[in-house]
Structures are given as structure tokens and as C-alpha cells.
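Residue numbering for the sequence shown follows the numbering used here, starting at -7 and increasing by one per position.
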Amino acid sequence: MVKSSRKITLSSSRDIPFDRLVMSKANVRRIKAGVSIEQLAEDIARRTLLQSITVRPLHDADGRETGMFEIPAGGRRYRALERLVKQKRLAKDAPIPCILREDGFAEEDSLAENMQRAPLHPLDQFRAFLVFREKGMSEEEIAAHQFVSVAVVRQRLRLASVSPRLLEVYADDGMSLDQLMAFTVNGDHARQEQVFEQLAQSSYAREPHFIRRMLTEGAVRITDKRAQFVGVNTYAAAGGAIMRDLFQGDDGGWLQDAGLLDRLAAEKLRAHAALIAAEGWKWIEVAPDFPYGHTFGLRQLRGEPAALTQEESASRAALQAELDGLEDIYACADSLPADISERFDAIGMALVELDDRPVLFNPDETGHAGAFVSIDGSGKVRVERGYVRPDDETLVEADADLPAEADARDQTEQDRSAAPSCAQNVEDEEGAGPISDRLLAELTAHRTLALRHALGAQPDTAFLAALHALTLRAFYPHASESCMALELKSAGFGAQAPGFNDSPWAGAVHGRHQAWLARLPHEPGMLWEALQGFDSDSRLTLFAHCVSLSVNAMVDAYTRPPRALAHADQLAMTLALDMAAAGWEPTVASYLGRVTKAHILASVREARGAQASDRIAHLKRGDMAEQAQELLAGTGWLPQALRTPGCTILAPADPVSAAGDRADEPAETAKQGGTPA
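Right, here's the structure in full:
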């Protein structure tokens, strides 16, 4: 005979007027968490109360019911209702749905209700937001109803749009939230699944930064000068896809179709070139970028700035008079009123525009000269006009104006035999072995250009360097202890690192050269008289600039003069050259992606200590390079080829300080239960 089980009796429910409810001291919740009382009140006002409140009758000292009820579980709901009553949006005797409990303890009611509550899986929340949008709600409406920002709504909608296969993996705890966020950078489900399969087949830990790198492989950042030149709107109008990362800074995103971008850039450059060609030039060369030094060996024509028209002259005089008057009035003022400051800026900009005159060339000369059309580092068109090739020079002009070409390699057989077969005398960090010839050439090319810039800014040192080289040529004909090519033979840069032509040193040297070009006379026969009119400082500064153009401290596969490199070190020490302070940084493109894992670990160990190096030792080379770039940022670390003897490299960071350098590790916020917002 089967014994029947006892039937469960549920607690009764009833509507109780709000003014008969009071808070209970038995509520175990002491710490505020989750949605605020204000937001909960607004939610109740819009959707009414979705969950009943648990109450117990209050008794007097004799054990009789008082008609009042205490709330051991549901205090936040009560506070939200109380707020609505105070705002007169809810009657103080409004019936409130309650569950009446009498057995057990009030503390047990409160604890059970909070512990039995199962939190919503983040994926369910993401999908719910997607359902809201599919039912016609805008992102702004969803944000208002759920009391979150529009950015959070977009993030959760993006998470819900990841490949369904990957979402199921995430639902089964096979992927962290950080990893899922990384997959959102590329909306192509097939590509997402392809990357996931590649990661699944390897033993490599699927770190978010590596997932992002794989999904954006082959794409072009919006900050690229080609993208800035073409314009994102133009690219998108042509059907180009744009990838954006809603969870990390991406500098605006990536342009996915690099081929389309290159075609649009080429078309726009050709349109600019057609306008330049209409000026009468014999030839036009067009490219997104030209190597640094592409105008070496070409004679540059000297044009005259276009004269101001009568209207422009009158306008400039009026602006200058107004500027002088304002400066007299506010000469002693500690600060300027906002409108006056804006007027100063407006006048200054107007004067600059009027003074920036187009250069006019002699039509008789433009017929055998040409121009280069390219894109500068800021994404604007760069036009370099008035360059004459040697083949276009007349015989008389060649004899009168052009210096004889010197031999490109002034290297004795003695130097060649004394030079090392590879870079072991230049680069050997902690026994890691030599770096590649190509990278060493790029690094020393950077150093050569930085030395030119530094030397051109210090006339006394430049004069000393030239005197040293002249003395060697006069008394020691076969000596090669100087890195100065006194014949002013300016060596070209066969190895050019990415962005070399747009580097700060290239811009500084070019700007200084053009400034001197504007001061010198057009005809070389007038140069002596002009130099006689220069003061001593001007002569020294011009001398320093000319001498600086001959610096050659490069190391390549063919030229490794050890004594000249030793002199380059002496010159760098005298100039106190610091390549890190000058702007060079160890990035994946400039160094870390070009060397072995041993070199990467050695650089991190030297700059940040052994603990930081050990943390990335297990990574593959590409990911190790990216992590090392973050670790080395701001440390001032330099590879051996860029160091100036005597300059101190920053000491390694204390591995115990700053919470064990935790800031260098990937963020764990989402993994620890944080929201993707």
C-alpha cells in the first residue's frame, strides 16, 4: 500500500494598503546593489509591480495583531513605492499585492528570497535587447526603458549579433565575455567562425587582443593617411565596409577593403595631378608616398610669391592695424576677454592666409621641370613643384649650376676588411644574437636623420665636426675616422622604415631647408654678396645646416665602417642625442615585430624587469611583440643601434611595486562578472 505524500500549502496572497506596510529590521540585505531606487520607481510607474512583496503581520506586546504588516523581503520595492507616494503619483492607501507569511523566521524569508534568485545570463539580456529592436523600438527607446545609456544598448546589440555558433559556445561557458567582445569587431559570421576554428585547433590561449588582431588582419585603420585623404564617407559611399570596436579604443575603426581604398586614393591623386599638370609642367609623378630623399640630385626652381591684389593689400593693412590696436589696449592685461581672444585668433588666421601666397614660376622654366604629387602624414595632398632632372638640364646649365656627382660609396678596402661580417659589434643584447641586416639599416637610418636634425640645431658642434673632417682630408688623405662627408654628398636612404618620410626629423630638416632656400638669392653668382650681408649668427646657422646634410651614420649590408660609426657615437654624445626623447618608440612595426623572441624578452627584461618578461614568455612571437609594445611604452627603452653611449636607460620597474605591475595584464573586468558596458 503506497503512503500518500503530504500536500504543500502555499502562503496566501492578498492586497494590503500601502499605509499599513512598514519595513522590517529582519531584512538581511544591508548593502545597496543593482538598480537604484529611483530607476525602480520609474519602472514600477511604467510597468506596475511585477513581483509581490513578502510580509508578516505585526503583533503587539500581548501577541495580538495590530493590523500593520512588516516587510522582511522586498524592501527595495517598498522604498520605490514610497517614493511614488511622496511624489503623489501613487495613493497612500493603494492596494499592494503581498504574500502573507506566518511560519518560520522573518530573516529566513529575506535570506531565501535573495539566495534563490538566479541572475540572468548576460546572453539572455543581449538577446532581449535584440528582440526589443526587432519589435520596432529604437536604441534610444530601449536605453530609456532599461535605464542604460545608448552606448550600452549598442554594445549589447553588437554582442547579440555575433555568430549564433559562437553565442552557443559562450552560453555553455566555453568562451569568456572578453573573448566574445573581441569577436564583435568583425561582423562577418564566416570570418568569426574561421578564426574560432583556427584558435580551437591551436594550443594558444585565445586572448582577446589576439582575436581582434586576426579579425582585422588586412584592414586599414581610419587614421591611415590614405583613409584621411579619401574620406570615410567617400569610401563608404563606394561600398566599402567599416569595422568598429565598441568595446575598446580603435581610433575610429578599420576600413575593410584595402584594395578599394587604394583605388579611390589613386583616382583622387590623379585628379589633383591633372590640375597641377595644367600649370605647364613637363612631367608629374603621382604616388601615395615617395621615399625620403626622392628630390636629392634634382635642381629646385625658385619661384616668386604672388603679389597681393589691391583689395588683399587693403584688407591686410586693416587687419594689421586692428591687431596692433588690440595689442596696445590689452598689453598689460593679465587675461583677455573671451570675445577679444577669439578676435585675436581670427585676425591671426586671416593674416596667415593672406601671407601664404602661391608661388609663381617662370613659364620658360616650367617646360623642363616637373612636380611630385603625394599624400602627407595628415592625409592632405602634398605637391612639390619645380624640380629639374639632370637629363632636362641644358649643357650650359649643367656646367654652370650643377656640381659634379661624387662617388656614391666612399669606402676604402681597408674599412671593408675591418668591418664585421654581421651586426655583432653593433647589436648583441644579452646574448640574443644579431638582429637582421634590414632592421639594423632602418634603425641606423633613423639615427642618421635624427643626428642631422640635432647637428643642424647646434652650430658650434657642426663647425667643430666640419673642422675635424677638413683636417682629416688635409693631413690624412686616406683616413676615414669621420662620419662627415665634407663634399656635402648627402647619402640616400636605401632602407626606409614605415612612415619615414613623415617622421618629425624629416619634417624638421625639410622645413629648415626650405626656410634657407627662401632667404638665398636665385642666382648662384649673387650668393657671395648675399653671404657677406649675413650676420655672424646667420652664417654659422647656415653652415650648421649644410654640414648636417652630410651626416651618414647608417649601417647596411655593404657599408659598415667601424671607425666612422665610432665617430657617430662621439657626435651623438656631444649633441646629447636621445632617440627616445626625439620621438622614436619600440613598436611592432619599428622593431618588435622584426626581431626574435629572445630579443623581445631581452628588451622587456631590461626595461621592466624579469617578472614582466616572464609574464609574456609563453606567447607566440606576434602576440609577444604586441604585449611588449604596451610594456615598453613610455619607458624610454632603445635597441642598442639607437643608443648614445653614456645615456642612461631607465631602470627596470620594481616587480613588487604597483600591485605587481597588474596594470600591464589584460583587463579582467568582464571575466569577473562585469557588464560589457
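No residue lacks a Cβ here, since even glycine has one placed at the ideal position from N, Cα and C.
CA-CA distance, residue i and residue j?
i: Asn544; j: Tyr322; result: 50 Å
i: Gln171; j: Pro200; result: 5 Å
i: Leu247; j: Arg148; result: 23 Å
i: Leu115; j: Arg93; result: 35 Å
i: Gly245; j: Phe121; result: 24 Å
i: Gly251; j: Lys260; result: 14 Å
i: Ser3; j: Arg12; result: 19 Å
i: Thr453; j: Thr566; result: 8 Å
i: Leu328; j: Asp337; result: 12 Å
i: Gln403; j: Cys475; result: Interpretation of Gln403 is limited by its pLDDT of 43, a score under 50 that renders its predicted location unreliable; the figure taken from the coordinates is listed afterwards. Each residue's Cα considered, the two are about 11 Å apart.
i: Leu352; j: Leu435; result: 39 Å
i: Arg71; j: Leu158; result: 41 Å
i: His51; j: Asp35; result: 33 Å
i: Cys639; j: Asp570; result: 7 Å
i: Glu132; j: Glu185; result: 31 Å
i: Gln562; j: Ala556; result: 10 Å
i: Gly55; j: Arg48; result: 13 Å
i: His137; j: Leu42; result: 15 Å
i: Arg38; j: Lys78; result: 17 Å
i: Arg(-2); j: Lys80; result: 47 Å
i: Gly499; j: Ser155; result: 47 Å
i: Glu397; j: Tyr284; result: Its pLDDT being 41, under 50, Glu397 is placed unreliably in this model, and the value from its coordinates should be taken loosely. Rounded to whole angstroms, Glu397 to Tyr284 spans 19 Å at the Cα level.
i: Arg444; j: Pro426; result: 26 Å
i: Leu300; j: Asp356; result: 23 Å
i: Val177; j: Met235; result: 6 Å
i: His502; j: Met616; result: 37 Å
i: Asp527; j: Thr533; result: 10 Å
i: Asp95; j: Leu82; result: 31 Å
i: Leu541; j: Thr440; result: 10 Å
i: Leu431; j: Gly166; result: 41 Å
i: Ala659; j: Phe202; result: Caution is warranted here: a pLDDT of 37 is assigned to Ala659, below 50, making its placement in the model unreliable, and the coordinate value is therefore given only provisionally. Ala659 and Phe202: Cα-Cα distance of roughly 14 Å.
i: Ser495; j: Ser130; result: 46 Å
Looking only at its chain, what residues have a beta carbon closer than 6 Å to the beta carbon of residue i, apart from the 5 residues adjacent to it on each side?
i: Ala574; result: Ala442
i: Arg119; result: Ala152
i: Asp85; result: Pro9, Asp11
i: Gln621; result: Thr579, Val580, Leu584
i: Ala522; result: Pro513
Indicate whether residue i and residue j have their beta-carbon atoms separated by less than 8 Å.
i: Tyr227; j: Leu290; result: no
i: Ala457; j: Val539; result: yes
i: Thr215; j: Gly272; result: no
i: Val278; j: Ala265; result: yes
i: Arg75; j: Ile134; result: no
i: Trp508; j: His537; result: yes
i: Arg504; j: Gly448; result: yes
i: Arg204; j: Asp237; result: yes
i: Ala599; j: Trp629; result: yes
i: Leu267; j: Gln312; result: no
i: Phe124; j: Met173; result: no
i: His591; j: Ala424; result: yes
i: Asp383; j: Lys274; result: no
Among the residues of its own chain, which have a CB less than 7 Å from the CB of residue i, if the five just before and after it don't count?
i: Ala609; result: Leu593
i: Ala233; result: Gln248, Asp249
i: Arg374; result: Ser366, Ile367, Asp368
i: Phe188; result: Leu158
i: Glu376; result: Thr287, Ala363, Phe364
i: Pro297; result: Arg349, Val351
i: Gln619; result: Ile608, Leu611
i: Cys324; result: none
What is the C-beta distance between residue i and residue j, in whole angstroms, given that I count them as a contact (C-beta under 8 Å)?
i: Leu73; j: Phe10; result: 6 Å
i: Ile332; j: Leu318; result: 7 Å
i: Met15; j: Gly67; result: 6 Å
i: Ser428; j: Arg635; result: That pair is no contact at about 18 Å.
i: Leu315; j: Ala361; result: That pair is no contact at about 38 Å.
i: Thr46; j: Ile63; result: 7 Å
i: Arg613; j: Lys589; result: 5 Å
i: Ser605; j: Val596; result: 4 Å
i: Leu672; j: Arg198; result: Nothing about residue 672 can be reported from this structure: the residues present for the chain run from -7 to 669 only.
Going along the chain, which residues of its own chain have a beta-carbon closer than 8 Å to the beta-carbon of residue i, five neighbours each way excluded?
i: Arg218; result: Val212, Leu253, Asp254, Ala257, Pro280, Ile367, Gly371
i: Cys90; result: Ser5, Arg6, Asp7, Ile8, Leu13, Ser44, Ile45, Thr46, Val47, Phe61
When you compare the CB of residue i with every CB in chain D, is at least one pair closer than 8 Å?
i: Ser530; result: Absent here is chain D; the protein component of the structure consists of one chain.
Query raised in the report: Would you call the segment 256 to 269 and the segment 220 to 231 touching, i.e. three or more CB-CB distances under 8 Å?
Result: yes
Query raised in the report: Is the segment 615 to 635 in contact with the segment 569 to 587, if contact means three or more CB pairs nearer than 8 Å?
Result: yes
Report task. Examine the Cβ distances between the segment 205 to 221 and the segment 146 to 160 and report whether three or more of them are shorter than 8 Å. Result -> no
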